[in-house]
Every structure is written in structure tokens, then in C-alpha cells.
Amino acid sequence: MESLKREKDDPAQCWGELSSIYEHKAGIFDKERKDIDREYEHLETKKIKLAKKYGDTNVDGNDFIEINAGGRVIIANRKTLTYQKGTMLEALFSGRWDKKVQRDGFGHIFLDVNPTCFQEVINYLSEMRHSSEEKVSQCWNADEERQL
294 MESLKREKDD
304 PAQCWGELSS
314 IYEHKAGIFD
324 KERKDIDREY
334 EHLETKKIKL
344 AKKYGDTNVD
354 GNDFIEINAG
364 GRVIIANRKT
374 LTYQKGTMLE
384 ALFSGRWDKK
394 VQRDGFGHIF
404 LDVNPTCFQE
414 VINYLSEMRH
424 SSEEKVSQCW
434 NADEERQL
């Protein structure tokens, strides 16, 4: 109660205290943002070094990749395979690991997966990639409804 009375009596002092607190917090946030930016740059540099060591840094999204999925060769566009960012497929087919992925005797990337299911995943990614934003959001809503 006493602090409310004091604030009511001297709004300039209250404003000064709030401004000081704000400046202090803003400084903390600014430092944290700079630390995050610095760490992000470090990770990007590390990612490039690893890509040079284990993969190909000059990949093109329009490349077609031949995949031996459980004995069936499936050809897919790199943009389709990497459409969903942050996924295992995106990491695997981004080009960063091209020198390390397992290959069959013909040089196709080998995945020990059910070929029918894998083809369905590629079909889904292709449809999402080529659909409008409105249609994509409808697909996500339909997926949520199926889970209920």
C-alpha cells in the first residue's frame, strides 16, 4: 500500500525506476540475442565444414536422386525430399551426407524401408510442395481430424 501511495505522489520517480529496470532488461536481452547470433554463426560454419567433409556443398534442389528403397528404385526430386525442414529426410537428402550414406551396387542411396510406404511419403511431400497454402492447411486439418 505504501508503494502505491509513493507512486501516486511522485509519478516521475516511478517512471524513472521503470525506465531503469527496462534499460537493464533490454541490455540483458540484447546480450542474449548477440550470444545466440554468434552461436548460430558458429553452427552454420560447422555445418559447412561437415558438408565439405561428408557431403557435397554444390547440390541443386532440382537434382533427381535414385533411391533403392527396400529393393525398389525410386527416383525423386531433391526439393521434394527436403521439403519438410528439420526432418530426417531433409538431413539425409540435403547433400550434406552424400559421401556417407549407404549405397547399393549401382550407386543408388540404399534405405532399408518398405518401398510402398516410402513411395507414399514421397507422394505426400510432392503434393504438399506443389499445393497452394490454402490446400496445405486443409491437408493439415484433415490429418488432425483423422487423429481424433
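Numbering (the working numbering), first residue to last: 294 to 441. Cβ coordinates follow ideal geometry from the N, Cα and C atoms, glycine included.
Per DSSP, residue 399 lies in no beta strand (DSSP E) segment and is marked neither H nor E. When the beta-carbon positions are compared, residue 418 and residue 373 come within less than 8 Å of each other.
Sequence-distant Cβ neighbours of residue 396 in its own chain, meaning closer than 7 Å and more than five residues away, are 402 and 403. Residue 368 counts as exposed, since fewer than 16 other C-beta atoms from the protein chains shown sit within 10 angstroms of its C-beta. Take residue 394, set aside five residues on each side of it, and the residues of its chain with a beta-carbon closer than 6 Å to its own are 402, in chain order. Residue 389 carries a coil assignment under DSSP once its states are collapsed to helix, strand and coil. If you look at residue 414, you'll find it in the alpha helix (DSSP H) that goes 408-423.
Unbroken beta strand (DSSP E) runs of no fewer than 3 residues, entirely contained in the stretch 333-397, are found at 357-362 and 365-370, following chain order.
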